[in-house]
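Engineer: When you line the sequence shown up against our numbering, it's residues 1 to 171, in that order. Heads up, the beta-carbon is just placed ideally off N, CA and C, and yes, glycines get one too. These numbers come from a predicted model, not from an experiment.
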Amino acid sequence: MSKLKTLNKLLNRFEEVTVGIALIVAVTLTFIEVVLRKFFGSSLGFTQELVVYLLIYTGLIGAAIGVREKVHLGVDLAIKQFPVKWQKGFVIITTMLCVLFTTIITILGIQQVINIALFGQVTPEMEIPLYVPLLIVPLAFGLMTIRFIQELIHVFKTPANEILQQEEGAY
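(1) Could you give the first and the last residue of the continuous alpha helix (DSSP H) run that contains A63?
(2) What would DSSP say about P138, mapped onto helix, strand or coil?
(3) Considering Cα atoms alone, identify which of L54, I92 and A78 is closest to V132.
(4) Under DSSP, the alpha helix (DSSP H) around L108 begins and ends at which residues?
(5) My understanding is that F148 touches T102, with C-beta atoms under 8 Å, so please give their C-beta distance in whole angstroms.
(6) Measure the C-alpha to C-alpha separation of V99 and T145 and round it to an integer number of angstroms.
(7) Rounded to whole angstroms, what's the CA-CA distance from I65 to V35? Just pull it up for me.
Written out as structure tokens, the structure reads:
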């Protein structure tokens, strides 16, 4: 197996396992918090903040999974109005725009994490460095960038008449 396929499998596994764990932890913490409040009149204090971060994490990593599985927002309907020979070009352009957008957000996310780390800000409840939960932005958008690049390579290799037929089943 090639190194790229091995790396791709590792990325797939990372995405799926981390989203699964984050969701399980979020649901478990929410359940514990409800029980503590209802029956004991107390709270863990940090639960709400942590659950919010975990749900944001699952949403953003889930978006990377969505790109991988081709369930992201597409413009098939508009593209199908053009001749088949033009459709591939439109798919390439839209995918390149997605690569550009996710790359910009990744870079801005890295800059934001660095700035926050330099100022030493901490989260309000857990009092951990604020850059730790914010690392999800460059991480998730970096993963999305990788996934869009993979899709772009696939589109370049696929004949024009097969592009939209392949993606049709994913929606």
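Structural biologist: Looking at the coordinates:
(1) Position 63 of the sequence shown holds residue 63. Here the alpha helix (DSSP H) through A63 covers T47 to R68.
(2) Numbered from its first residue, the sequence shown carries residue 138 at position 138. Of the three classes helix, strand and coil, the one that applies to P138 here is helix, per DSSP.
(3) In the sequence shown, counting from the first residue as 1, residue 132 sits at position 132. That would be L54, whose Cα lies nearest to the Cα of V132.
(4) Counting from 1 along the sequence shown, the entry for residue 108 is found at position 108. That run of the alpha helix (DSSP H) goes V84 to F119.
(5) In the sequence shown, the residue the question calls residue 148 occupies position 148. In the sequence shown, the residue the question calls residue 102 occupies position 102. Right, the Cβ-Cβ distance comes to about 6 Å (below 8 Å), so this counts as a contact.
(6) Residue 99 sits at position 99 when you count from the first residue of the sequence shown. Residue 145 sits at position 145 when you count from the first residue of the sequence shown. In a straight line, the C-alpha of V99 is about 5 Å away from that of T145.
(7) By 1-based counting over the sequence shown, the position of residue 65 is 65. By 1-based counting over the sequence shown, the position of residue 35 is 35. Straight-line Cα distance between these residues: approximately 33 Å.
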